[in-house]
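For the sequence shown, the numbering used here begins at 2 and goes up steadily by one. Built from N, CA and C at the ideal position, the CB exists for glycine as well. As the structure is a computational prediction, the values presented were derived from the model and not from experiment. First up is the structure itself, then whatever we jot down about it.
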Amino acid sequence: MDYNLLKVLNAVVATGNVTRAAERLNLSQPATSNALARLRTAMDDPILIRSGNTMVPTARALQTAEQAELIASNIEQVFSPPPVFNPKTSSHRFTIALTDHGMQTVVPKLLQELANLAPNIKLDIRTLGEQDSLASISKALVNNDIDFLISRKTDTPKVFNNLDLFTDQFVTISSDTHPRINERLTKKMYLKEQHILVSFSGDRHGLVDAALGRENKSRNVAHTVNNFFSAALLIDKTDLLCTVSEKIAGNLTQKFNLQTFPCPVKIPEFKVAMYWSRAQEKKPEHHWFISFMANIKQQY
Numbered sequence: 002m003d004y005n006l007l008k009v010l011n012a013v014v015a016t017g018n019v020t021r022a023a024e025r026l027n028l029s030q031p032a033t034s035n036a037l038a039r040l041r042t043a044m045d046d047p048i049l050i051r052s053g054n055t056m057v058p059t060a061r062a063l064q065t066a067e068q069a070e071l072i073a074s075n076i077e078q079v080f081s082p083p084p085v086f087n088p089k090t091s092s093h094r095f096t097i098a099l100t101d102h103g104m105q106t107v108v109p110k111l112l113q114e115l116a117n118l119a120p121n122i123k124l125d126i127r128t129l130g131e132q133d134s135l136a137s138i139s140k141a142l143v144n145n146d147i148d149f150l151i152s153r154k155t156d157t158p159k160v161f162n163n164l165d166l167f168t169d170q171f172v173t174i175s176s177d178t179h180p181r182i183n184e185r186l187t188k189k190m191y192l193k194e195q196h197i198l199v200s201f202s203g204d205r206h207g208l209v210d211a212a213l214g215r216e217n218k219s220r221n222v223a224h225t226v227n228n229f230f231s232a233a234l235l236i237d238k239t240d241l242l243c244t245v246s247e248k249i250a251g252n253l254t255q256k257f258n259l260q261t262f263p264c265p266v267k268i269p270e271f272k273v274a275m276y277w278s279r280a281q282e283k284k285p286e287h288h289w290f291i292s293f294m295a296n297i298k299q300q301y
């Protein structure tokens, strides 16, 4: 049935009069009468019947009009433009998953900018742990359990899109009172010292160890911890070394008595990116957040 006939049915039932229905719909009376005739044929019902000096809708017309009003409303919602997203007033809540690296390098600036531009926006921040596999996080993105993932850039399925945020590289940190290391750190010195490894899974073999293995060398990983703050706390009071990203080192040296050196083991730099499901990116709130991150990424 023609969608416009639903509008005519609602107007005729509401007014009980073809002339007034035509005025309500901004149609000519002949066009409205023609539509009413088509309705009567389609429904096999007179639609309006005389009761004294007035015309009243039939029982079937009343029942159908009620359903038609709901259908018409749903159709208008489908074809109406999406609601305008106003970040200054919206209280939308986003769920973001990230590693400890992302927590320290991305979140502080993100919250500062949100406070200025979108003070009512809320974040549920989920720090990834050893139990979170790439498959489980990918599934959470697809199922909309999380809105965005911030992590080291890797190859991902085509159902996801991504935005590069920044590039980072590895450095080595030690206590600034280390008895054997002060002005420089050579590979020979590096291999003689004990190390602490930040490992979310507890694995004592990291990127540095893989690079050293290709040179048939190894280092002494004495301890492992599962976050950077714990590592810095221990390095500050011991002679341990720790290899971390340069941006992480910058944060830690502001809070602890540490010194930073270029990592003497060659490890490729890496990119940090934000991921999201392509199916969600046209939602007004998602589109805004992606643009927001694109604008502030220069500050990282």
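DSSP places Leu28 in the coil class of the three-state scheme, outside both helix and strand. At a Cβ-Cβ threshold of 9 angstroms, Ser246 and Phe271 count as neighbours. The three-state reading of DSSP puts Val85 in coil, since its state is none of H, G, I, E or B. A distance below 9 angstroms separates the beta carbons of Val199 and Asp101. Take the alpha-carbon of Ala23 and the one of Gln281: they are about 42 angstroms apart. Per DSSP, the continuous alpha helix (DSSP H) segment holding Ser231 begins and ends at 229 to 237. At the C-beta level, Tyr301 and Phe167 come within 9 angstroms of one another. Thr244 sits in a strand when the DSSP states are folded into three classes.
As DSSP reads the structure, Asp125 sits in a beta bridge with Thr96. Excluding its 5 nearest sequence neighbours in each direction, Glu216 has no C-beta neighbour in its own chain below 6 angstroms. The residues Ile174, Phe229, Ala233, Leu259, in chain order, have a CB closer than 7 angstroms to that of Leu253 in the same chain once the five nearest residues on each side in sequence are set aside. Note that the C-beta distance between Val85 and Leu99 is not below 9 angstroms.
It is roughly 56 angstroms from the alpha-carbon of Ile249 to the alpha-carbon of Ala73. Counting only runs of at least 4 residues, the stretch 123 to 206 fully encloses the following alpha helix (DSSP H) elements, listed from N- to C-terminal order: 135 to 143, 188 to 193.
Per DSSP, the unbroken alpha helix (DSSP H) holding Tyr4 starts and ends at 4 to 16. By the Cβ test, the stretch 285 to 294 is not in contact with the stretch 176 to 186, since fewer than three Cβ pairs between them sit closer than 8 angstroms. The way I'd put it, the stretch 137 to 145 doesn't touch the stretch 200 to 220; fewer than three beta-carbon pairs between them come closer than 8 angstroms.
Annotation: Arg279 to Pro47 spans about 50 angstroms, alpha carbon to alpha carbon. Check the Cα spacing between Glu70 and each of Asn11, Pro58, Val160: the tightest is with Asn11. The three-state secondary structure of Pro265, taken from DSSP, is coil.
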